[in-house]
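K.L.:
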Amino acid sequence: LMGPDTDRQRLLRSVEFVRERCNVDGDRILLTGLSDGATYGLSTFLSGDTPFAAMAAIAGVLHPKNVEGGAIVGAEGKRISITHGTKDWMFPVQLAQAAQQALREAGADVRYHEIADLAHAYPREENAAILEWFDPSLILPLSS
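Residue numbers (my numbering): 3 to 146.
This is the structure:
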């Protein structure tokens, strides 16, 4: 993430490729990522125009390139979900706590969910909550 961002255009072209071939609602594209994928996803989401309606970051951190003069750049009005474990050994939970506060102060609409005893891992049990936050119509009713 410190050199030229060669992946951004690849990511955006991939999304466009799918949109051209499939019936995709362009207003409901969620970008997600885990660990470095979350850090990269946040960086991409905050750095200019993208087709993504929201970003769900799991066990990631804000990249320094998204901070200018102590303020988060590009966050105003963006919807961001942060899910982080209290036992994360790679990116301590304090970094996630600071990120959610900084993003809120920069005008982002942030959903922050901290999971007790979760290490640096993907919490599959959070999928439904993340989707419901993104778009409640995506949640299937429970069968009786």
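Beta carbons: idealized from backbone N, C-alpha and C, even for Gly.
From a predicted model like this one, the values you see are computed outputs, not experimental measurements.
Tell me whether the region 23-32 and the region 106-117 touch, counting them as touching only if at least three CB pairs, one residue from each stretch, are closer than 8 Å.
P.N.:
Not touching, per the Cβ criterion.
K.L.:
Between H65 and the rest of its own chain, which residues show a CB-CB distance below 8 Å, the 5 nearest in sequence each way excluded?
P.N.:
The residues are L3, T41, Y42, L44, S45.
K.L.:
Do A157 and N68 have their C-beta atoms within less than 9 Å of each other?
P.N.:
Examination of residue 157 is not possible in this model, given that the chain is present from 3 through 146 alone.
K.L.:
When we look at the beta-carbon of Q11 and count the other beta-carbons within 10 Å, is it buried (16 or more) or exposed?
P.N.:
Exposed, because fewer than 16 other Cβ atoms sit within 10 Å of the Cβ of Q11.
K.L.:
Using DSSP with H/G/I as helix, E/B as strand and the rest coil, what is G79?
P.N.:
It is coil, neither helix nor strand.
K.L.:
Helix, strand or coil, according to DSSP, for T85 in the structure here?
P.N.:
In the structure shown, T85 sits in a strand (DSSP, three-state: E or B).
K.L.:
What span of residues does the beta strand (DSSP E) with L13 cover, start to end?
P.N.:
From DSSP, L13 is part of no beta strand (DSSP E) but of the alpha helix (DSSP H) over 9-23.
K.L.:
Could you tell me if A56 is buried or exposed, where buried requires 16 or more neighbouring beta carbons within 10 angstroms of its beta carbon?
P.N.:
Answer is buried; the Cβ neighbour count reaches 16.
K.L.:
Please determine, among L36, F47, D27, the residue with the shortest C-alpha to C-alpha distance to L14.
P.N.:
The residue with the shortest Cα to Cα distance from L14 is F47.
K.L.:
In whole angstroms, what separates the C-alpha of L2 from that of V63?
P.N.:
This structure gives no information on residue 2, because the portion of the chain shown stretches from 3 to 146.
K.L.:
According to DSSP, is R113 helix, strand or coil?
P.N.:
Strand at R113.
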